[in-house]
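Colleague:
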Amino acid sequence: MLWLIPLFLLVAACSPQEKEPNSLRISLNTQPTTLDPRKAGDFVSSTLICMIYDGLTRCLPGGGVEPALAEQVIISKDRKTYTFYLRKAAWSNGEPITAHDFEKSWKQTLSPPSPCGYLFYPIKNVEKYIHGKCSMNEVGIWALDDRTLHIELEEPTPYFYSLTAFPSFLPVPAHFEKNVYSGPFRIEKIVNQSEMILVKNQAYWNQSQISLDQIHISIVPDEMTALQMFEKGELDWLGGSISPLPPDALDNFKDQINYIPNSATTLCTFNTQTAPFNNINLRKAFSLAIDRVEIVEKVTSTGQIPAGTMLPPTLSNQKIQLFDPLLAKTLFDKALIEMQVSPKTLEKLTLYYKPGQTEKRVAQTLQRQWKEVLGITIEIAQLDFKSHAHRLQNRDYQIALATWIAQFDDPISILGRFKDKENLKNYPGWESLEFVNILQEAGQSKQREKALALAEEVFAKELPLTPIYHWSSPSLCGSRIQEVGSTPSGGILFERASIR
Numbered sequence: 011m012l013w014l015i016p017l018f019l020l021v022a023a024c025s026p027q028e029k030e031p032n033s034l035r036i037s038l039n040t041q042p043t044t045l046d047p048r049k050a051g052d053f054v055s056s057t058l059i060c061m062i063y064d065g066l067t068r069c070l071p072g073g074g075v076e077p078a079l080a081e082q083v084i085i086s087k088d089r090k091t092y093t094f095y096l097r098k099a100a101w102s103n104g105e106p107i108t109a110h111d112f113e114k115s116w117k118q119t120l121s122p123p124s125p126c127g128y129l130f131y132p133i134k135n136v137e138k139y140i141h142g143k144c145s146m147n148e149v150g151i152w153a154l155d156d157r158t159l160h161i162e163l164e165e166p167t168p169y170f171y172s173l174t175a176f177p178s179f180l181p182v183p184a185h186f187e188k189n190v191y192s193g194p195f196r197i198e199k200i201v202n203q204s205e206m207i208l209v210k211n212q213a214y215w216n217q218s219q220i221s222l223d224q225i226h227i228s229i230v231p232d233e234m235t236a237l238q239m240f241e242k243g244e245l246d247w248l249g250g251s252i253s254p255l256p257p258d259a260l261d262n263f264k265d266q267i268n269y270i271p272n273s274a275t276t277l278c279t280f281n282t283q284t285a286p287f288n289n290i291n292l293r294k295a296f297s298l299a300i301d302r303v304e305i306v307e308k309v310t311s312t313g314q315i316p317a318g319t320m321l322p323p324t325l326s327n328q329k330i331q332l333f334d335p336l337l338a339k340t341l342f343d344k345a346l347i348e349m350q351v352s353p354k355t356l357e358k359l360t361l362y363y364k365p366g367q368t369e370k371r372v373a374q375t376l377q378r379q380w381k382e383v384l385g386i387t388i389e390i391a392q393l394d395f396k397s398h399a400h401r402l403q404n405r406d407y408q409i410a411l412a413t414w415i416a417q418f419d420d421p422i423s424i425l426g427r428f429k430d431k432e433n434l435k436n437y438p439g440w441e442s443l444e445f446v447n448i449l450q451e452a453g454q455s456k457q458r459e460k461a462l463a464l465a466e467e468v469f470a471k472e473l474p475l476t477p478i479y480h481w482s483s484p485s486l487c488g489s490r491i492q493e494v495g496s497t498p499s500g501g502i503l504f505e506r507a508s509i510r
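Quick note on numbering: my numbering labels position 148 of the sequence shown as 158, and the sequence is numbered without any gaps.
So this is what it looks like as structure tokens:
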């Protein structure tokens, strides 16, 4: 059963062509995997969750955050204690939003850890609790009273305040959990799992600043279908990571396209916990056999950058070896000898990928490039979004396409997920004691930047996954819409939109 989706909401829809006076019409390329902030980890779910829930802070267009449910924050001199004072605000049912809602939600995110549970590691004893080394009572999250939330950190963490705007930090009600919202909008209808109607939340503390009365969301998996809807005037906005534009059609919209800054990277992840990709030379061979320039110029064709660094370029200077077919074949042959297998054995490998024209074409290109360079033909298979995520999080795969995103402007936003091989976002299941020790020693020391660079160097040398391209997300905005903002990580701020 989908969280927050009761049967009585499945009612007849309005025609998509009907234009509400103050209604924004957008599409998603898949259903959200969850509407629970404690479990969210993908682009689509996170975008929707930020429309219907509020946190201590809220993202600003272009970067940074502003106060939201937290009216004031007091930070201690050693910058290890944050005391948030909540404003008077209510859930959509009129019940007050309290610090207890935050305490309960954040602690539930850790029990068991959500896909983004590692983002809570700066908080005192969170990492120890997740590894069973202390009790929940020792975790540094306490509601002192209804409107005071007290947080203790392990060490000064400059990005912690910004983290509180991230979906995993948005609370659900402590007193009950279903169909009650704190954000600018609330869900009014869900139609046959193909449409959603959001309406303005009249109980929202800042509702006077919300221009839209309604957001009509169509679930459109096919990229060309979504583009045709935009051309017919049935959608007001299209693009980004939630409704990608088909590369083949972009030439027709050169003068209309806006490129959204994005800190996302498409990559190929290897399951390092089992053969054959527990062999480092095989991982390196597959990486060196990828012609990234061909992929971005002839396959994606939407402004992507060939990934010459492990992390997004704004966070990294650590180069990786790029296309080198001769070295790739040499390492491939070496790996075969080390594993005592024949090339034919590896033709049983399957590369999994998510739905979407671009994903399919990238998978087909990798299949051809590996055939041309390594001489083997692997299988490729498309999975629906939920099945794909499930396989990655449970390491039920050998090789797969995936995407990660730097949620905040610090290398630890990516590197942090690899401190623990059990982290659901550690898709390769990779672990390195050297890597972990470097991260732990880095802390907030004066040598932190050098330590993080060294950790990334270890990561790049071990190559548990290989980046293919860094994103640049094209979007189209209809003439009747204005003020659709975005964040540096590629998040779309639809709540700030208005009708001309």
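Built from N, CA and C at the ideal position, the CB exists for glycine as well.
1. Short of 7 angstroms in beta carbon distance, which residues of its chain neighbour Arg302, apart from the five on each side in sequence? Order them along the chain.
2. If distances are taken between C-alpha atoms only, which option among Glu369, Ile386, Ile415 comes closest to Asp394?
3. Report yes if the C-beta distance between Leu163 and Gly150 is below 9 angstroms; otherwise report no.
4. Does DSSP put Arg68 in a helix, a strand or coil?
5. Taking 8 angstroms as the line, does the beta carbon of Phe504 fall inside it for any heavy atom of the ligand FMN?
6. Using C-beta distances below 8 angstroms, list every residue in its chain close to Pro2, excluding the 5 sequence neighbours before and after it, in chain order.
7. Strictly by DSSP, which residues pair up with Phe263?
8. Can you tell me which of the three DSSP states Ile491 falls into?
9. Going by CA-CA distance only, name the one from Gln492, Ser496, Cys487 that's closest to Ser37.
10. With Gln457 as the anchor, note down where its beta strand (DSSP E) starts and where it stops.
11. Going by beta carbon distance, what residues of the same chain come within less than 8 angstroms of Phe18, once the five residues before and after it are set aside?
12. Would you kindly work out how many angstroms separate the C-alpha atoms of Lys429 and Ile448, rounded to a whole number?
13. When the distance is taken between beta carbons, is Pro438 closer than 9 angstroms to Ala345?
14. Please state whether the Cβ-Cβ distance between Pro168 and Asp420 is less than 9 angstroms.
15. Once you ignore the five residues that flank Ser172 on each side, which residues in its own chain have a CB closer than 6 angstroms to its CB?
16. His400 lies in the alpha helix (DSSP H); which residues open and close that run?
17. Starting from the Cα of Cys60, find the closest Cα among Ile509, Arg510, Ile502, Glu451 and give me that residue.
18. Buried or exposed for Leu79, please, with buried defined as at least 16 other CB atoms from any protein chain shown within 10 angstroms of its CB.
19. Along the beta strand (DSSP E) that carries Lys143, what are the first and last residues, could you check?
20. Counting only the same chain and skipping the five closest in sequence on each side, list residues whose C-beta sits under 6 angstroms from that of Ala50.
21. Measuring CB to CB, does Glu113 end up less than 9 angstroms from His185?
22. Thr57 bridges to which residues according to DSSP?
23. Quick check on Phe469: does DSSP put it in helix, strand or coil?
24. What separation, rounded to the nearest whole angstrom, lies between the Cα atoms of Pro5 and Phe179?
25. How do the segment 377 to 385 and the segment 394 to 409 stand: do at least 3 beta-carbon pairs fall below 8 angstroms, yes or no?
26. Given a cut-off of 9 angstroms on the beta-carbon distance, is the pair Arg293 and Thr284 in contact?
27. Only counting the same chain, and skipping five residues up and downstream in sequence, which positions put a Cβ closer than 6 angstroms to that of Asn39?
28. So is His234 buried or exposed if we call it buried at 16+ other beta carbons inside 10 Å?
29. Mind checking whether Leu356 and Ile300 have CB atoms under 9 angstroms apart?
30. Checking 9 angstroms against the spacing of the C-beta atoms, do Pro484 and Leu159 come in under that value?
31. In angstroms with no decimal places, state the Cα-to-Cα distance between Leu462 and Lys199.
32. Using the DSSP secondary-structure output, state which residues sit across from Asn268 in a beta bridge.
Modeller: Here's the rundown:
1. Pro316, Ala317, Leu332, Phe333, Ile478, Tyr479
2. Glu369
3. yes
4. strand
5. Here there are no bound small molecules, and the ligand FMN is not part of this structure.
6. It is not possible to answer for residue 2, since the shown part of the chain is limited to 11 through 510.
7. For Phe263, which the question treats as bridged, DSSP gives no partner whatsoever.
8. strand
9. Cys487
10. No beta strand (DSSP E) holds Gln457; DSSP gives it neither H nor E.
11. Note that Phe18 scores 34 on pLDDT, short of 50, meaning its location in the model is unreliable and no value can be drawn from it.
12. 10 angstroms
13. no
14. yes
15. Val75, Phe418
16. 395 to 403
17. Ile502
18. buried
19. Element bounds for Lys143: n/a, residue is neither H nor E.
20. Thr44, Ser56, Ile59, Pro177
21. no
22. Answer is none; Thr57 lacks a bridge partner.
23. helix
24. There is no way to answer for residue 5, as the model of the chain reaches only from 11 to 510.
25. no
26. no
27. Pro231, Ser253
28. It is worth fixing the name first, because residue 234 is Met in this sequence and not His. By the 10 Å Cβ count, Met234 comes out exposed.
29. no
30. no
31. 46 angstroms
32. Ser485
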